[in-house]
Amino acid sequence: MKTTTVNNNISLYTPRAQSYIDHAAAELRENALAMIRELPEVMHVSCKAANAYIKNAFVECDFLFAMFVKKNKQKPSRLELGVSVMTSLIPLEITNFIICRPKNELISYIEQEYTTEQCAHDLKQMMESLYNEVKSHI
Numbered sequence: 078m079k080t081t082t083v084n085n086n087i088s089l090y091t092p093r094a095q096s097y098i099d100h101a102a103a104e105l106r107e108n109a110l111a112m113i114r115e116l117p118e119v120m121h122v123s124c125k126a127a128n129a130y131i132k133n134a135f136v137e138c139d140f141l142f143a144m145f146v147k148k149n150k151q152k153p154s155r156l157e158l159g160v161s162v163m164t165s166l167i168p169l170e171i172t173n174f175i176i177c178r179p180k181n182e183l184i185s186y187i188e189q190e191y192t193t194e195q196c197a198h199d200l201k202q203m204m205e206s207l208y209n210e211v212k213s214h215i
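In my numbering, the protein residues as written are 78 to 215.
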């Protein structure tokens, strides 16, 4: 697992932020695909996650991203895929469930449909929502 680290301290709300988010999204998808390929067809554990970080890039805070897979209790042959964003400021996270499919269909979905651009778009929206929520608590 690599960490995206820079010392620019740019704002999450500037156009320059997008390149860091794109990089984190690409890394997150790559990590998630590797993780999912290693999972059994029927999971016996509740959750596995692939992570990516952006540290020291934004003046607002650091962000941790996870693309995770949970077993579906009602349909053991299906896995639930989700994405979450956490902030370094307070223990708060935003989670978005994306799809529930068998393992091979999850891999195909990420490779063909859940593009880096879509992942980056989702991450940015979640980062902004999370940071706005954090501001209301500080």
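All C-beta atoms in this analysis are idealised placements derived from N, C-alpha and C, irrespective of residue type, glycine included.
On a predicted model such as this, the values are computed, not experimentally measured, just so you know.
### Query
When the Cα atoms are used, what is the spatial distance from N209 to R155?
By 1-based counting over the sequence shown, the position of residue 209 is 132. By 1-based counting over the sequence shown, the position of residue 155 is 78. Going from the Cα of N209 to the Cα of R155 covers about 34 Å.
### Task
Apply the 10 Å Cβ neighbour rule to S123 and answer buried if 16 or more other Cβ atoms are within range, or exposed otherwise.
Working through the sequence shown from its first residue, we reach residue 123 at position 46. It is exposed - the Cβ of S123 has fewer than 16 other Cβ atoms within 10 Å.
### Message
Between the alpha carbons of N128 and A197, how many angstroms are there, rounded?
### Response
In the sequence shown, residue 128 corresponds to position 51, counting from 1. In the sequence shown, residue 197 corresponds to position 120, counting from 1. If you take the alpha carbons of N128 and A197, they lie about 14 Å apart.
### Task
Please confirm if the segment 104-120 is in contact with the segment 132-150, defined as three or more CB-CB distances below 8 Å between the two stretches.
yes
#### Entry: Cβ-based neighbour list, T82, same chain, cut-off 7 Å, excluding 5 preceding and 5 following
By one-based count along the sequence shown, residue 82 stands at place 5. Legend: pLDDT at T82 = 49, less than 50; position of this residue unreliable, no value from coordinates given.
### Close Cβ partners of E188 (< 8 Å) along its chain, the five nearest in sequence each way excluded
Looking up residue 188 in the sequence shown gives position 111. L110.
### Query
Using CA coordinates, which residue listed in Y130, L183 and G159 is at the minimum distance from E115?
Reading the sequence shown from its first residue, position 38 is the one you call residue 115. Comparing alpha-carbon positions, the option among Y130, L183 and G159 lying closest to E115 turns out to be L183.
### Message
Using the three-state DSSP reduction, which class does T172 fall into: helix, strand or coil?
### Response
Residue 172 sits at position 95 when you count from the first residue of the sequence shown. Three-state DSSP puts T172 in a strand.
### Assigned exposure category for Q162 - 16 Cβ within 10 Å defines buried
In the sequence shown, the residue the question calls residue 162 occupies position 85. Reading off the sequence, residue 162 comes out as Val, not Gln. Under this definition V162 is a buried residue.
#### Entry: Exposed unless 16 or more other CB atoms sit within 10 angstroms - verdict on F135
To locate residue 135, count along the sequence shown from 1; it is residue 58. Flag for F135 reads buried.
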